[in-house]
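For reference, the structure discussed in these notes is given below.
Number of protein chains: 2
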Amino acid sequence: MQMTPMIKSFVLHFGEMGSRWGINRTVAQIYALLVVTEDMLYADQIAEALTISRGNVSMGIKELQSWRLVKVQHIQGDRKDYYSALGDVWDMARAVFEERRKREIDPTLTVLRDLLLDNPVNEQDHYAQTRIEEIHQLMEMFTVWSDELQRMSPDNLRTLMKMGSGVTKVLNLTNKLSKNA
Amino acid sequence: MQMTPMIKSFVLHFGEMGSRWGINRTVAQIYALLVVTEDMLYADQIAEALTISRGNVSMGIKELQSWRLVKVQHIQGDRKDYYSALGDVWDMARAVFEERRKREIDPTLTVLRDLLLDNPVNEQDHYAQTRIEEIHQLMEMFTVWSDELQRMSPDNLRTLMKMGSGVTKVLNLTNKLSKNA
DNA sequence: TTAAACTTTCAATAATTACTGAAACTTCTA
DNA sequence: TAGAAGTTTCAGTAATTATTGAAAGTTTAA
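Listed in order, the protein sequences are those of chains R and U.
For the first sequence, counting from 1, position 113 maps to 164 in our numbering; every step adds exactly one.
For the second sequence, counting from 1, position 16 maps to 67 in our numbering; every step adds exactly one.
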């Protein structure tokens, strides 16, 4: 399979972007290719398009599956695995948030909480704990937001999207109300 | 300079976390150390605490400066540079968002926009463009949100934080209102 | 069953990324 | 203006991460 120049350009940029966010360049490329391709693809097609080895495709797909980002299907009278990207772009964003949270944020929050329970051995530790507390708060807030994203209906998402900088206006109102309460 | 076990544990975890998000482990460690240390530190102290070379500290600090995450100060009658982390944890989060956006999101948005202006050469390209469009929308939404974060007052931030899952409630209301309009 | 048509695994190796330390550079002060 | 007290740079090297490809594993059909 040959990529059109447009698809190639997209795939390359996506791979580059992934690698800046700590995701293997090839894994990101495989994913980009699947997202942008309507038909399902089998491993050899992916390998040919990205000029990588068959084994590398297998590793990449395995990784993407652990992120729950790809679907596998079979076609009548054909033994090959056919791959495609999960649902719509929102589903993908949700999957990424959820996994990164599970893998990286939650364990860090646990470590931070443990450190906050430790006894400071001196003044430095005491200061450190106040900072760790702040960081903990911040991270917890982000997890709450991402939880909401997970649960949000397409309807609400669309509203949020349209609201754009309206979020601030809503907040200002909320602020005033709670101050007068 | 010796780190207390608490500080050491924090610094190590932070470094690990950074490296999973595409940030050099040592750079993340230097930053963690500065965040959690009340006093300003000079390069040799950092090198000793993290057992890394003087040159590595210099590179790391340079990187952190490009992210506008560290302050440098001088002390009367001392030629050394003294480093410390920027303001409060919110300032730091803002700096990180802003820089990552500038460096990674904005250039990607530009590429996506260019691809959307290109003429599809066939049906595949046509489909690809619909997907690229979705991704573009999604990313643009995130940039709008991060813009708001940048501009948000500490007051609003605190409200957002307290609201937690209240965001959804506010949105539901907004949805109903706009439907009745 | 066997063998064809696949997928997965993993040791060896290639590519990339990070780190060191000495030399070059800068700035201050005597 | 020399040299002391720093910082920065960067070529060489070490460590890590990614990739290949061949062998092992799996599944299906005859």
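We put the CB at the ideal spot given by N, CA and C, even for glycine.
As the structure is a prediction and not an experimental result, all values here were calculated from the model.
DSSP three-state label for residue i, please.
| i | result |
| --- | --- |
| Ala232(U) | Residue confidence for Ala232(U) is low, a pLDDT of 40 falling below 50, so the modelled location carries little weight; the figure read from the coordinates is stated next. Correct three-state label for Ala232(U): coil. |
| His187(U) | helix |
| Leu168(U) | helix |
| Gln53(U) | coil |
| Thr102(R) | coil |
| Asn107(U) | helix |
| Trp118(U) | coil |
| Ile97(U) | helix |
| Ile156(R) | helix |
| Ile81(R) | helix |
| Met203(U) | coil |
| Ile74(U) | coil |
Residues of chain U with CB closer than 8 Å to the CB of residue i, please, in chain order.
| i | result |
| --- | --- |
| Asn173(R) | Thr55 |
If we count the other Cβ atoms within 10 Å of its Cβ and call it buried at 16 or more, is residue i buried or exposed?
| i | result |
| --- | --- |
| Leu168(R) | exposed |
| His187(U) | buried |
| Gln80(R) | buried |
| Ala232(R) | Bear in mind that a pLDDT of 41 at Ala232(R), under 50, signals an unreliable position, so the number given afterwards is only what the model happens to contain. Ala232(R) is exposed by the Cβ-count criterion. |
| His64(U) | buried |
| Gln201(U) | exposed |
| Val78(R) | buried |
| Phe61(R) | buried |
| Gly66(R) | buried |
| Arg154(U) | exposed |
| Thr88(R) | buried |
| Gly111(R) | buried |
| Thr161(U) | exposed |
| Gln180(R) | buried |
| Asp69(U) | Note that residue 69(U) is Gly in the sequence shown here, rather than Asp. It is buried - the Cβ of Gly69(U) has at least 16 other Cβ atoms within 10 Å. |
| Ile97(U) | buried |
| Val172(R) | exposed |
Locate the alpha helix (DSSP H) running through residue i, then write down its first and last residues.
| i | result |
| --- | --- |
| Lys59(U) | Pro56 to Arg71 |
| Asp90(R) | Asp90(R) -> no alpha helix (DSSP H), and no H or E assigned at all. |
| Asp139(R) | First-last for Asp139(R): undefined, no H or E at that position. |
Residue range of the beta strand (DSSP E) that residue i falls in?
| i | result |
| --- | --- |
| Gln124(R) | Val121 to Ile126 |
| Asp132(R) | Asp129 to Ala136 |
Along chain R, which residues have their Cβ under 9 Å away from the Cβ of residue i?
| i | result |
| --- | --- |
| Trp43(U) | Any question about residue 43(U) goes unanswered here, given that chain U covers just 52 to 232. |
| Val108(U) | By Cβ distance, chain R contributes nothing, its closest Cβ being about 20 Å from Val108(U), past 9 Å. |
Using a C-beta to C-beta distance shorter than 7 Å, which residues of chain U count as neighbours of residue i?
| i | result |
| --- | --- |
| Ala100(R) | Per Cβ cutoff of 7 Å: no residues; Ala100(R) is ~12 Å from chain U at best. |
| Met68(R) | Glu155 and Thr159 |
| Phe61(R) | Leu166, Ala179 and Ile183 |
Could you work out which residues of chain R lie near residue i, taking near to mean beta carbons separated by less than 7 Å?
| i | result |
| --- | --- |
| Asp169(U) | Met57 |
TODO: Mind checking the region 72 to 96 of chain R against chain U and listing, in chain order, the residues whose C-beta falls within less than 9 Å of any C-beta there?
DONE: Trp72, Gly73, Ile74, Val86, Val87, Thr88, Glu89 and Asp90
Open item on the list: So if I threshold CB-CB distances at 8 Å, which residues from the region 177 to 201 of chain R count as touching chain U?
Closed with: Tyr178, Ala179, Gln180, Arg182, Ile183, Glu185, Ile186, Gln188, Leu189, Met192, Val195, Trp196, Asp198 and Glu199
TODO: Check each residue of the region 134 to 147 of chain U: if its Cβ is closer than 8 Å to any Cβ of chain R, include it; give the result in chain order.
DONE: Asp139, Val140, Trp141 and Ala144
TODO: Using a Cβ-Cβ cut-off of less than 7 Å, list which residues of the region 110 to 125 of chain U approach chain R; keep chain order.
DONE: none
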